Amino acid sequence: QILGRENLSSWILFLTGGAMLLYNPNWLLSISFQLSFLATFGVIAVAPIIVKRLSKVPSILREDLGVTIAAQVMVLPVIVYNFGQLSLFGIVANLLILWSIPLVMVSGFLVLALGLIDNLLGTLAGLIPSILLTYFIYIVEFFAKLPGASLQVGESGIVMWVGYYFLIGAVIWVLSRNQGDKLT
1 QILGRENLSS WILFLTGGAM LLYNPNWLLS ISFQLSFLAT FGVIAVAPII
51 VKRLSKVPSI LREDLGVTIA AQVMVLPVIV YNFGQLSLFG IVANLLILWS
101 IPLVMVSGFL VLALGLIDNL LGTLAGLIPS ILLTYFIYIV EFFAKLPGAS
151 LQVGESGIVM WVGYYFLIGA VIWVLSRNQG DKLT
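The sequence shown begins at 1 in the UniProt record's numbering and counts up by one.
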C-alpha cells in the first residue's frame with residue numbers, strides 16, 4: 001500500500017516539497033528550504049524511531065530529545081557545508097528551549113487577539129512571550145559563548161555529505177526493520 005497510514009506524513013512532505021520546487025526550482029539551492037525540509041523530515045520520519053530507543057531517558061525529556069536528535073542529524077550536513085562549523089551544545093540548548101516554543105506561539109496569538117480588542121490588553125499580554133523569548137535568547141547566547149561551543153570544520157565535499165545521507169538512511173532502515181517501525 002503505497003499511501004498507507006504509516007507513510008502518509010512523509011508522502012505529504014515530499015509532495016509539498018516537490019510542488020514548491022515546481023513553483024520555484026531555485027529553492028532547491030536555498031539553505032532555508034534545505035534546512036526546513038530536512039528538519040521536518042527528521043521530525044516526521046526519524047524522531048519516532050529514535051524516541052522508541054530512548055526508553056531509559058525520563059519521559060519528560062524523551063520526546064524533545066528524540067525530536068532534537070532527529071532534526072540535528074538531518075540538517076548536520078547542510079549546516080557544516082554552508083557555515084563551516086558544528087555546534088557542540090546544540091542538543092542541550094534545544095532541550096532547554098524547545099518547551100517554550102509552543103508557549104511563545106500561543107501567547108503571541110493571544111497578544112494579537114487581545115491587541116485587536118484593546119491596545120493595553122495586548123501590551124500586557126505581550127509580557128508573556130517577551131519573558132519566554134528573553135529566556136530563549138539567554139539560553140542560546142549562553143551556550144554560544146561557552147569555550148569550545150562550536151567546532152570549526154574544514155571544507156568538505158558534497159560527495160561526503162551524500163554518503164552521510166546514504167549512511168543515515170541505511171541506519172534508519174535497519175532500526176525501523178529491527179523494531180517493526182514504519183517511516184511515517
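Each residue gets a CB set at the ideal place from its N, CA and C atoms; glycine is no exception. Since the model is a prediction, treat every value here as computed from it, not as a measurement.
With a cutoff of 8 Å on beta-carbon distance, Q152 and Q72 are scored as not near each other.
DSSP places S150 within a strand segment (E or B) once states are collapsed to three. The alpha carbon of W99 has as its nearest neighbour, out of L112, W11, L132, the alpha carbon of L132. By the neighbour-count criterion, in which 16 or more other beta carbons inside 10 Å mark a residue as buried, L38 falls on the buried side. For the pair F14 and F143, the Cα-to-Cα distance works out to about 34 Å. Looking at A45, R53, M74, the one whose alpha-carbon comes closest to that of V162 is M74. Residues A93, I97 of the same chain have their beta carbon placed closer than 8 Å to that of V140, with the five preceding and five following residues left out of the count. Beta-carbon to beta-carbon, A47 and V67 are separated by about 5 Å, close enough to satisfy the 8 Å threshold. Residue nearest to S10 within the set V171, L21, V43, S130 is V43 (criterion: CA-CA distance). Taking a C-beta distance under 8 Å as the contact criterion, V78 and Q34 qualify as a contact pair.
Residue range 85-87 is occupied by the beta strand (DSSP E) that includes S87. Boundaries of the alpha helix (DSSP H) harbouring E141: 127-145, taken from the DSSP string.
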